[in-house]
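Protein chains in written order, with numbering that gives the first Met the number 0: chain P, 0 to 284; chain C, 0 to 448.
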Amino acid sequence: MKISFKKPKYIQMSSAAKIINKTEPNVPTGSWIKCTYCGQVIYKEDFNNNLFICHNCEKHYRMSAPDRLKLVVDKDSFDNMFTNLKTVNILDFKGYDAKIKGLQEKTALDEGVLTGTATINGIKVAIAVMDSRFLMGSMGHVVGEKITLITELATDESLPLVIFTASGGARMQEGIISLMQMAKTSAALKRHHDAGGLYVTVLTDPTSGGVTASFAMLGDIILSEPGAFIGFAGPRVIRDTIKQELPEGFQKAEFLLEHGFIDSIVPRVEMKHTLHKIFGLHHFI
Amino acid sequence: MFNKILIANRGEIAVRIIRACRELGIRTVAVYSTADKEALHTLLADESVCIGPAKSSESYLDITRIISAAIITGSNAIHPGFGFLSENSKFVKICEESNIKVIGPNSEMISLMGQKAQARATMIEAGVPVIPGSDGVIKLAQEAIERSKDIGFPLIMKAANGGGGKGMRVANSVEEVTSMFNLAQKEAKACFGDDDMYMERYIVNPKHIEFQILGDEHGNVIHLGERDCSVQRRHQKMVEEAPSTALTPELREQMGAVAVKAARAIGYTNAGTVEFLLTDKNEFFFMEMNTRIQVEHPITEMITGIDIIKKQVEIAAGLELGLTQEDIKLNGHSIECRINAEDATKDFRPSPGKITNLFLPGGNGIRVDGAIYSGYTVAPYYDSMLAKLIVHGKTREEALAKMRSALGEFIIEGITTNIDFHYDILDQPSFIQGNYDTSFIEKMLGEAK
Numbered sequence: 000m001k002i003s004f005k006k007p008k009y010i011q012m013s014s015a016a017k018i019i020n021k022t023e024p025n026v027p028t029g030s031w032i033k034c035t036y037c038g039q040v041i042y043k044e045d046f047n048n049n050l051f052i053c054h055n056c057e058k059h060y061r062m063s064a065p066d067r068l069k070l071v072v073d074k075d076s077f078d079n080m081f082t083n084l085k086t087v088n089i090l091d092f093k094g095y096d097a098k099i100k101g102l103q104e105k106t107a108l109d110e111g112v113l114t115g116t117a118t119i120n121g122i123k124v125a126i127a128v129m130d131s132r133f134l135m136g137s138m139g140h141v142v143g144e145k146i147t148l149i150t151e152l153a154t155d156e157s158l159p160l161v162i163f164t165a166s167g168g169a170r171m172q173e174g175i176i177s178l179m180q181m182a183k184t185s186a187a188l189k190r191h192h193d194a195g196g197l198y199v200t201v202l203t204d205p206t207s208g209g210v211t212a213s214f215a216m217l218g219d220i221i222l223s224e225p226g227a228f229i230g231f232a233g234p235r236v237i238r239d240t241i242k243q244e245l246p247e248g249f250q251k252a253e254f255l256l257e258h259g260f261i262d263s264i265v266p267r268v269e270m271k272h273t274l275h276k277i278f279g280l281h282h283f284i
Numbered sequence: 000m001f002n003k004i005l006i007a008n009r010g011e012i013a014v015r016i017i018r019a020c021r022e023l024g025i026r027t028v029a030v031y032s033t034a035d036k037e038a039l040h041t042l043l044a045d046e047s048v049c050i051g052p053a054k055s056s057e058s059y060l061d062i063t064r065i066i067s068a069a070i071i072t073g074s075n076a077i078h079p080g081f082g083f084l085s086e087n088s089k090f091v092k093i094c095e096e097s098n099i100k101v102i103g104p105n106s107e108m109i110s111l112m113g114q115k116a117q118a119r120a121t122m123i124e125a126g127v128p129v130i131p132g133s134d135g136v137i138k139l140a141q142e143a144i145e146r147s148k149d150i151g152f153p154l155i156m157k158a159a160n161g162g163g164g165k166g167m168r169v170a171n172s173v174e175e176v177t178s179m180f181n182l183a184q185k186e187a188k189a190c191f192g193d194d195d196m197y198m199e200r201y202i203v204n205p206k207h208i209e210f211q212i213l214g215d216e217h218g219n220v221i222h223l224g225e226r227d228c229s230v231q232r233r234h235q236k237m238v239e240e241a242p243s244t245a246l247t248p249e250l251r252e253q254m255g256a257v258a259v260k261a262a263r264a265i266g267y268t269n270a271g272t273v274e275f276l277l278t279d280k281n282e283f284f285f286m287e288m289n290t291r292i293q294v295e296h297p298i299t300e301m302i303t304g305i306d307i308i309k310k311q312v313e314i315a316a317g318l319e320l321g322l323t324q325e326d327i328k329l330n331g332h333s334i335e336c337r338i339n340a341e342d343a344t345k346d347f348r349p350s351p352g353k354i355t356n357l358f359l360p361g362g363n364g365i366r367v368d369g370a371i372y373s374g375y376t377v378a379p380y381y382d383s384m385l386a387k388l389i390v391h392g393k394t395r396e397e398a399l400a401k402m403r404s405a406l407g408e409f410i411i412e413g414i415t416t417n418i419d420f421h422y423d424i425l426d427q428p429s430f431i432q433g434n435y436d437t438s439f440i441e442k443m444l445g446e447a448k
């Protein structure tokens, strides 16, 4: 049964009431975001507090290297090492210097990876965390050298090594020098392996190109975040080359797990605990 | 004054707020879930926006949807009512960021009073009496004995990190402290893995007395007298009255001043309620502060003649209170009965369904604040309150007589209500004498068994 109420006449009650507040609601730009996966509108502060994960569909968004470190290692335990390496425009690639300088200012990072030692629930580790904000986390000579140096440190000091990967691949602006980093990092890891060292990789979104084809897939244990893109060539290139449609979920972490390329998918909130467990199982204390 | 207000609530409080806005000449926007398409608040408001399915978490509690509704309707302000998002400081903060005025205190005040431990600490600092307790943790029985001298007896020893009635024991005298402490601590260690304890005076069957506070945004804070809400079943209020039979004018002045002091301590603005526990020795202690409008606000309105909802809107619009403490006079006596769709004979089980026949009581000093109409279907998704029956008489005797009469006129057919139970409450000698505390309903139900 529908009731029809009569609307009152909108009259002013007193002189004080004459000032009509007509301010329109205005949501400040950037305080709300929309999940690109499920369309859920999320309050930015909630999103940041939820480890950059959509509370509706659990999509794991990309994290900066400093944020990642805060989440994974014990408070104030990270010792930032090998910070004296300077990126040089070896091939005189046009615009490369300006690009590097701009990114250094924007991200407050020297390059696309942070390396050093830290503790994870008290266990000392050698850790490298890549940052996709720095030229898509691409590997040039500085990234390659830092990864190599931290690997060698891990070997020398018998520390477990963990590398969080996030990269578009080899850095185009440095040509063959970038490709050379694939061999250099892999060789350092081989020496680490021969010395009996433990190496755990954590693949994050996206991990591709020359990084996938070198140190990312060389872990004794390979973990990944849910939904991460992991591949070598991009899907469009593959589709055009083989002239076939790609299977559902191709190059997603879950697909790789099913096909035996990675060992486990670990939700972000469980990552620190999982790493600690692995190190404990390997008798690191 | 606002041009348009969105009411982020449902049921009778939404109707109450819409009515106040209609009288003030302010346009209203109702939000409703799919279950409330035919609800009175939806039909009464000028505009209405459907904000989701019946489930509260996807409708009335969904901040994104409420804010979206405010934006698309161009509402300048939101009244959150009580329950739902009214004490959600994050919601209020988002409104503040989005240029939407919330009719109530700001997010900081809500946050401060919402964290009970912090609220208690703030009150202690302000010199407001709180339940005497050991501020800090106790680990040894000897410490407990020492602290007990300041706290007084009876006292209760509780697990600092526990709950659910476990790891707590009452000691009635200093001789009992050691044995009770050790028992409680052992249980705490077994249940919670933690042997940190704390102690508090154990208040047996207190009266629940609350004071209505009104503060404007220019520093004026007053109280509008008290409400006695001791008639509770499992901490749910059933009958409220104002003024309280337990308060002498001196005690009222004392408690009122403390309530205002508590509100001033956090720079409180808009309407709020300071809740006290009152012992049989007339000692009173701050329990908590509710930073919103309360269900039982009408009885205060009846004895003071002040429309609290309208005052809320005016305060939020920046107007001065226009009242001093001296202006507040308490006239007569008012009682409210909460009429719920529940079956008192079956442990108060909710009884939703269609109201086939409705007759509302009327007459001099009879007020009904409800959201029901003939043919309305009460949904099972939300609380079972249908209406509030409020009476106002010159004396308490007159108010009781009016309530008895009005309850007799109140006809709701098609669903089961607690109207008959209210009759029983009003028949109890202890209620008629005005000599009851928070154990009243329990005793009443115990006798009935």
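Even glycine gets a Cβ: it sits at the ideal position worked out from N, Cα and C.
Please report the straight-line C-alpha distance between residue 360/C and residue 217/C, rounded to a whole angstrom.
For the purposes of this step, residue 360/C is identified with residue 361 of the second sequence, where counting begins at 1. For the purposes of this step, residue 217/C is identified with residue 218 of the second sequence, where counting begins at 1. Spanning the two alpha carbons is a distance of roughly 41 Å.
Where does residue 202/P sit, in a helix, a strand or coil, going by DSSP?
Within the first sequence, residue 202/P is the residue found at index 203, counting from 1. Residue 202/P: strand per DSSP, three-state reduction.
Would you check if there are 3 or more beta carbon pairs closer than 8 Å linking the region 72-87 of chain C to the region 12-26 of chain C?
yes
Within 10 Å of its beta-carbon, does residue 93/C have 16 or more other beta-carbons around it, so buried, or fewer, so exposed?
Here residue 93/C refers to the residue found at position 94 when the second sequence is read from its first residue. Per the 10 Å Cβ criterion, buried.
Chain-ordered residues of the region 41-75 of chain C with a beta carbon less than 8 Å from chain P:
42, 43, 45, 62, 63, 66, 67, 69, 70, 73, 74, 75
May I ask you to list, following chain order, the residues of the region 71-105 of chain C that have a beta carbon less than 7 Å from some beta carbon of chain P?
73, 74, 75, 93, 96, 97, 98, 99
Which bits of chain P does residue 21/C rub up against, with CB to CB less than 7 Å?
Looking up residue 21/C in the second sequence gives position 22. The answer, in chain order, is 7.
To be precise: take each residue of the region 358-372 of chain C, compare its Cβ to all Cβ atoms of chain P, and keep it if any distance is under 7 Å. Which residues remain?
372
Taking 8 Å as the CB-CB limit, is residue 2/P close to chain B?
The displayed structure is made up of protein chains P and C, and chain B is not among them.
Distance, Cα to Cα, residue 226/P vs residue 267/P?
Counting from one through the first sequence, the residue named residue 226/P turns up at place 227. Counting from one through the first sequence, the residue named residue 267/P turns up at place 268. Using only the alpha carbons, I get a separation of about 11 Å.
I'd like to know whether the C-beta of residue 12/P is nearer than 8 Å to at least one C-beta of chain C.
Along the first sequence, one-based indexing puts residue 12/P at 13. With a pLDDT of only 49 at residue 12/P, under 50, the local geometry of the prediction cannot be trusted, and no value is derived from it.
Taking the alpha carbon of residue 44/P as the point to measure from, which residue in 27/P, 257/P, 35/P, 211/P has its own alpha carbon closest?
What you label residue 44/P is simply residue 45 of the first sequence in a count that begins at 1. Ranking 27/P, 257/P, 35/P, 211/P by Cα distance to residue 44/P puts 27/P first.
State the start and end residues of the unbroken beta strand (DSSP E) segment that holds residue 332/C.
The residue labelled residue 332/C in the question sits at position 333 within the second sequence. Here the beta strand (DSSP E) through residue 332/C covers 332-339.
Buried or exposed by the 16-neighbour rule on C-beta atoms within 10 Å, applied to residue 4/P:
Locating residue 4/P in the first sequence gives position 5, counting from the first residue. With fewer than 16 other Cβ atoms within 10 Å, it is exposed.
Since residue 268/C is in the alpha helix (DSSP H), which residue starts that stretch and which ends it?
On the second sequence, position 269 is the one that residue 268/C refers to. Per DSSP, residue 268/C belongs to no alpha helix (DSSP H) and is neither H nor E.
In whole angstroms, what separates the C-alpha of residue 84/P from that of residue 200/P?
Your numbering for residue 84/P matches position 85 in the first sequence. Your numbering for residue 200/P matches position 201 in the first sequence. Approximately 24 Å, taken between the alpha carbons.
How would you label residue 146/P, buried or exposed, when you count the other beta carbons within 10 angstroms and need 16 or more for buried?
The count along the first sequence starts at 1 and reaches residue 146/P at position 147. With 16 or more other Cβ atoms within 10 Å, it is buried.
Once you ignore the five residues that flank residue 32/C on each side, which residues in its own chain have a CB closer than 7 Å to its CB?
Here residue 32/C corresponds to residue number 33 of the second sequence, with the count starting at 1. Once the five neighbours on either side are set aside, the close Cβ partners of residue 32/C are 50, 51, 52, 53, 58, 59.
Expressed to the nearest angstrom, what Euclidean distance is found between the alpha-carbon atoms of residue 331/C and residue 192/C?
Taking the first residue of the second sequence as 1, we reach residue 331/C at position 332. Taking the first residue of the second sequence as 1, we reach residue 192/C at position 193. Taking the straight line from one Cα to the other gives about 54 Å.
By the three-class DSSP mapping on this structure, what secondary structure does residue 440/C have?
Within the second sequence, residue 440/C is the residue found at index 441, counting from 1. It is helical.
Closer than 7 Å by C-beta to residue 214/C: which residues in its own chain qualify, once you throw out the five before and the five after it? Chain order, please.
Within the second sequence, the letter at position 215 stands for residue 214/C. So the qualifying residues of the chain are 220, 262, 267, 268, 269.
Among 309/C, 105/C, 353/C, 62/C, the one whose alpha carbon lies nearest that of residue 374/C
Here residue 374/C refers to the residue found at position 375 when the second sequence is read from its first residue. Per the Cα distances, 353/C.
Residues in its own chain within less than 6 Å of residue 101/C by CB, not counting five upstream and five downstream?
Along the second sequence, read from residue 1 onward, the residue named residue 101/C stands at position 102. Within the same chain, residue 101/C has close Cβ partners 77, 91, 94.
Per DSSP, the bridge partner or partners of residue 227/C
Reading the second sequence from its first residue, position 228 is the one you call residue 227/C. Residue 227/C is bridged to 208/C, 240/C.
Under the criterion of a Cβ to heavy atom distance below 7 Å, does residue 410/C qualify as lining the ligand NAD?
Among the ligands in the structure shown, none appear at all, so the ligand NAD cannot be discussed.
In whole angstroms, what is the alpha-carbon distance linking residue 369/C and residue 304/C?
For this step, residue 369/C is matched to residue 370 along the second sequence. For this step, residue 304/C is matched to residue 305 along the second sequence. Taking the straight line from one Cα to the other gives about 20 Å.
Give every residue of the same chain whose Cβ lies closer than 7 Å to the Cβ of residue 250/C, excluding the five residues on either side of it in the sequence, and list them in chain order.
Taking the first residue of the second sequence as 1, we reach residue 250/C at position 251. These residues qualify, in order along the chain: 281.
Sort out for me which residues DSSP pairs residue 27/C with in a bridge.
Taking the second sequence and counting its residues from 1, the one referred to as residue 27/C is at position 28. Answer is 4/C.
Could you tell me how far apart the beta carbons of residue 165/P and residue 209/P are, in whole angstroms, since I believe they sit closer than 8 Å?
If you number the first sequence from 1, residue 165/P lands on position 166. If you number the first sequence from 1, residue 209/P lands on position 210. Actually they are not in contact, since the Cβ atoms of residue 165/P and residue 209/P sit about 13 Å apart, beyond 8 Å.
What three-state label does DSSP hand residue 10/C in the structure shown?
As a first step, residue 10/C must be located in the second sequence, where it is residue number 11. Helix at residue 10/C.
If contact is defined by three or more beta carbon pairs under 8 Å, each pair taking one atom from either stretch, is the region 106-115 of chain C in contact with the region 277-292 of chain C?
yes
So, do the region 230-238 of chain P and the region 268-282 of chain P have three or more beta carbon pairs nearer to each other than 8 Å?
no
Could you check which residue in 67/C, 96/C, 264/C, 61/C has the C-alpha nearest to that of residue 85/C?
The sequence position of residue 85/C within the second sequence is 86, counting from 1. The option with the nearest alpha carbon to residue 85/C is 61/C.
On a CA-only basis, which of 443/C, 247/C, 186/C, 275/C is nearest residue 258/C? Give me that one, please.
Sequence index remark: in the second sequence, residue 258/C carries index 259 (1-based). Of 443/C, 247/C, 186/C, 275/C, the residue nearest in Cα terms is 275/C.
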